[in-house]
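Numbering (the working numbering), first residue to last: 83 to 861.
A short write-up of the structure that comes next.
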DNA sequence: GATTAGGCTTCG
């Protein structure tokens, strides 16, 4: 048991002592008395310097006086502390502190005759299971924090679902929403922060401070924070956090694998392995439970009409009028749309004129309003900013340059609207700086002319669409990728010929099956040639829950080639989730290059992990080691693709077989490579469709068996992409427009082959389309 | 010493 500081408010400790220990009077401390569940409480009247015993153990002696017992002749006792407890106490102790000593050993005092104190002394050490509680006022606690980063004050942290009205607590949380500090209508800066934690509770905190620096340095959703001494109140039926005296915060980047460096204004703070562990756990939890894909964007990725967060450098600023202020910024990329230029008086414009001129085509003019003006005015040219919730507003078309994009930071702080200054040490700033410095500005000037040309070429009017459709009716909508020299054969001739043979045909697609396109996606084993349905997501989840029943085997955690983190969900199920991060060269890599393995996660959690990590492998614990799940579950998730293995042709190997791949110089984590070392025969996604083709001579059913070539859409990705599904639907509508007469259908040019399928009872000829693709301008 | 704000986009 450690040394704990107990905070005293109005004479009462906020955290009670453990209930199993009882106070013992000095009088009753006698040799032979069982002191197992007793504690002694007294005030420090004397302490001796910390020394070391002959064997190197730290040793610290203090004298405690029991003032509550004034009628006793002897009212003080020596306390001897050993080891870490001695060191910890010596650092935080100050005279007059009220100490509680529990789990002590009562030993006859050799010095009682000389010092006139109790004839026994108390011996304590962490090894003996002792505990020291020190009652301290908030100032003392703050002061003790200044003493050391690595020692003592042990804080208790309250999970967000345990908060009680009127308490002052310490807590950890992951930022779900925040308003960067802004000038309040009172005297202080204000920042609103909403936190979540694995208890799935949510807490919105309103933080005030006259000192901008003492508010948490949150840069994005997903950051992890530690708040000390935050007051909990009930407001509108919900718990609310608010700054109280002595409020202090640490903020950490929430990205798994990045260095755990606290951002804080405090010069000194407690920061031990415990903190590191907690931050790691929260990062891992957030990675699979919190969607952090915010509205961040580069100027090149701006979406008209939407709001986004822009990380940029300030190169100019100017007062526009009483309610708006102009910021000229750049991020090295070019907005693909014409952007507005806000005209200001030359004398109002601050910034280096040469640079402003040079960067004019890469600069975004952002007009900030009302409450944001004050902060905007104070910004230094050259500083790096994150401007939150910038509105990319579609300008009015009656302007001379047609419709353009305007950038506004509207008044108010809804949705976290505001401006944050990023320090140069911020990794994203470093990245941006490097990028800006590496930019060849001459080239970007050229790019400017190119991209405006491109813009002229890409209008998307209704008229364009019509002419596109007409073109589709004249030219074939599919083309051959080979065999162009062959002549066409009519369908009737083909049907009357013996198989196998190959033909070039020109035909129309009368109908196709299945009509529901997602039903056309199957899994194919190229080894045993079997076809099977893609398992439904809920089957997978069911299987995962089955595997979660076996408790994670902690002996398998954090081996030489991976680091593991385990936590328990705070819901009723109390599900245990373990994530194993595969290391490379002893180090965790950038998340985008990292393979993670997960035990006990749900499908949803895994999809979230795939957004951040290179690959995700669902695993389960066995006595012998980590294993893949049953092959009804995928053996790998990567990007948008869930990879399955063939049950018949695979011989799954233990997960340890992956470790040689991790040891490679640059692990590529290719699915085929992963499958091979794990003994998996991977199944391939394929579109299987039946086309009914007509050419006026006879109808012919031909099968399409396509991984990607025909539709130019990877079959493996279509089930997880709305965009690709829409694209495929459009393609099919072009090949076979619904509601059209036969005459109005477009022509397809295909290459087909006939083949025989025989069994005991019958013999049939089938046809398959190959070496054919949808025409370029149809896709 | 109290107050500020108390998330859920836009007048421009």
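Every residue gets a Cβ at the ideal spot worked out from N, C-alpha and C, and that includes glycine.
Same chain, Cβ closer than 7 Å to residue 52, five either side skipped, listed in chain order: What the structure shows of the chain is the stretch from 83 to 861, and residue 52 is not part of that stretch, so it cannot be assessed.
CB of residue 459 within 8 Å of CB of residue 413, strictly: no
For my contact list, residue 399 and residue 408 are in at a C-beta cut-off of 8 Å; report their separation, rounded to the angstrom. 6 Å
Start and end residues, beta strand (DSSP E) containing residue 110: That residue, residue 110, is in no beta strand (DSSP E); it is neither H nor E in DSSP.
Along the beta strand (DSSP E) that carries residue 511, what are the first and last residues, could you check? Unbroken run through residue 511 is the alpha helix (DSSP H), 509-520; no beta strand (DSSP E).
Exposure label - residue 508; buried when at least 16 CB within 10 Å: buried
Considering only their Cβ atoms, is the gap separating residue 789 from residue 808 smaller than 8 Å? no
Quick one: what does DSSP say residue 538 is sitting in, helix, strand or coil? Unreliable placement is indicated for residue 538, whose pLDDT of 33 sits below 50; the coordinate value is still reported in the next sentence. Residue state, collapsed to three classes: helix.
Boundaries of the alpha helix (DSSP H) in which residue 754 is found, first to last residue: 753-759
Using the three-state DSSP reduction, which class does residue 363 fall into: helix, strand or coil? helix
When the Cα atoms are used, what is the spatial distance from residue 622 to residue 180? 58 Å
Write down every uninterrupted run of the beta strand (DSSP E) in the stretch 346-434 whose length is 3 residues or greater and which is fully enclosed by it, in chain order. 389-403, 406-412
State the beta-bridge partners of residue 468 as determined by DSSP. 393, 502
CA-CA distance, residue 802 and residue 686? 13 Å
For residue 163, which residues from the same chain have a beta carbon less than 6 Å from its beta carbon, with the 5 sequence-adjacent residues on both sides left out? 142, 171, 206
Take residue 127 and list the residues in its own chain whose beta-carbon comes closer than 8 Å to its own, dropping the five residues that flank it on each side. 145, 146, 147, 158, 177
Does DSSP put residue 100 in a helix, a strand or coil? coil
Alpha helix (DSSP H) segment containing residue 691, residue limits: 685-694
I'd like the list of long-range same chain contacts for residue 247, defined as Cβ closer than 8 Å, with 5 residues on each side in sequence excluded. 314, 315, 316, 321
Starting from residue 459 and walking both ways along the alpha helix (DSSP H), at which residues does that stretch end? 453-460
Taking the alpha-carbon of residue 312 as reference, which of 295, 318, 288 has the nearest alpha-carbon? 288
Is the beta carbon of residue 572 less than 8 Å from the beta carbon of residue 854? no
Can you tell me the Cβ-Cβ gap for residue 334 and residue 305, rounded? I've got them flagged as a contact below 8 Å. 7 Å
May I have a chain-ordered list of the beta strand (DSSP E) segments no shorter than 3 residues that lie completely inside the stretch 601-645? 603-606, 613-615
C-alpha distance - residue 167 paired with residue 186, whole-angstrom precision: 12 Å
To which residues of the same chain is residue 817 closer than 6 Å at the C-beta, ignoring the five residues directly before and after it? 559, 591
Residue range of the unbroken beta strand (DSSP E) whose run includes residue 343: Where residue 343 is concerned, there is no enclosing beta strand (DSSP E), given that its DSSP letter is neither H nor E.
Out of 643, 716, 634, point me to the one whose CA is closest to residue 616's CA. 716
Alpha-carbon spacing of residue 351 relative to residue 344, whole angstroms: 10 Å
How would you label residue 369, buried or exposed, when you count the other beta carbons within 10 angstroms and need 16 or more for buried? buried
Mind pulling the beta strand (DSSP E) runs of 3 or more residues that sit fully within the stretch 711-780? 718-720, 723-725, 766-776
Please report the distance separating the alpha-carbon of residue 291 from that of residue 742. 53 Å
Among 394, 119, 810, the one whose alpha carbon lies nearest that of residue 514: 394
List the endpoints of the continuous alpha helix (DSSP H) containing residue 790. Run containing residue 790: none; DSSP gives neither H nor E here.
The alpha helix (DSSP H) that contains residue 799, what's its start and end? 797-800
Can we count residue 402 as close to the ligand FMN, meaning its CB is less than 7 Å from some heavy atom? By its list of ligands, the structure shown contains no ligand whatsoever, and the ligand FMN lies outside what it can speak to.
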